[in-house]
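In mature numbering (1 follows the signal peptide of the UniProt record, and there is no 0), the protein residues as written are -31 to -1, 1 to 179.
As structure tokens, the structure follows; a few thoughts come after it.
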């Protein structure tokens, strides 16, 4: 069973559902980490020719607050963070494999003054690359909040199609530069029939898959 973009709506479904859809060789129990400011989760899954990188972070790490924007200044922060997350090449680098971005999703738009859903950018596999030129954006009406006592998590996922998946050696995460409030990344990965975990601190960025 191959992984497809419909299974990557983890803003709605949760990582556990995504993993349940993977072949048994790729299955792993990944527990969601508690909501901690300064910390974020990254999950990396490789299956056949597809590579999925998922981010889940407290909203405070990305925009400095955890509620729907109430001022123009806060709304601008949301828009900047939205554009930053959508720039896949600025958030991660894949070493090897000739990988192209084919799908991007995030629910950060729910924090905007008029936000009512999550962002979905679908790339044409035949012609699109990491920089995401000519992307086609769909706005979905479904909104999914992860609020608990005033807390809010933001989710984003990047799906790549790789011509030579076996050549993918590592993924560099550049989120510390984009979002200085992030102090650590708790990374879990499933690739090549193996699984692993690592915690990256500011100044570290490489996740080796082999």
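Positions of the beta carbon are idealized from the N, C-alpha and C atoms, including for glycine.
Tell me which same chain residues have a C-beta within less than 6 Å of the C-beta of residue i, skipping the five on either side of it?
| i | result |
| --- | --- |
| residue 62 | 141 |
| residue 6 | 27 and 29 |
| residue 150 | 30 |
Confirm, please, whether the CB-CB distance from residue j to residue i is below 8 Å.
| i | j | result |
| --- | --- | --- |
| residue 127 | residue 11 | no |
| residue 15 | residue 160 | yes |
| residue 123 | residue 20 | no |
| residue 68 | residue 137 | yes |
| residue 125 | residue 74 | yes |
| residue 51 | residue 77 | yes |
| residue 35 | residue 121 | yes |
| residue 28 | residue 82 | no |
| residue 66 | residue 133 | yes |
Given a threshold of 16 other Cβ atoms within 10 Å of its Cβ, counted over all protein chains shown, does residue i qualify as buried or as exposed?
| i | result |
| --- | --- |
| residue 175 | exposed |
| residue 130 | buried |
| residue 143 | exposed |
| residue 60 | buried |
| residue 135 | exposed |
| residue 26 | buried |
| residue 79 | buried |
| residue 55 | buried |
Per DSSP, which residues does residue i bridge with? Please list them.
| i | result |
| --- | --- |
| residue 14 | 21 and 159 |
| residue 147 | Per DSSP, none; premise fails for residue 147. |
| residue 179 | In DSSP, residue 179 forms no bridge with anything. |
| residue 9 | 154 |
| residue 166 | 157 |
| residue 49 | DSSP output for residue 49 lists no bridge partner at all. |
| residue 54 | Beta-bridge pairing links residue 54 to no other residue. |
| residue 141 | 62 and 175 |
Got a sec? Which residues, its chain only, sit under 7 Å from residue i by beta carbon, not counting five neighbours each side?
| i | result |
| --- | --- |
| residue 165 | 158 |
| residue 139 | 64, 175, 176, 177 and 178 |
| residue 94 | Residue confidence is low: residue 94 scores 39 on pLDDT, short of 50, so the model does not pin down where it sits. No coordinate-derived value is stated. |
| residue 167 | 156 and 176 |
| residue 171 | 145 and 152 |
| residue 147 | 53, 59 and 60 |
| residue 169 | 142, 153, 154 and 156 |
| residue 173 | none |
If you drop the 5 nearest sequence neighbours on each side, which residues of the same chain put their C-beta closer than 8 Å to that of residue i?
| i | result |
| --- | --- |
| residue 13 | 20, 21, 22, 23, 140, 156, 157, 158, 159, 160, 176 and 178 |
Taking 7 Å as the cut-off, is the CB of residue i close to at least one heavy atom of the ligand ATP?
| i | result |
| --- | --- |
| residue 31 | By its list of ligands, the structure shown contains no ligand whatsoever, and the ligand ATP lies outside what it can speak to. |
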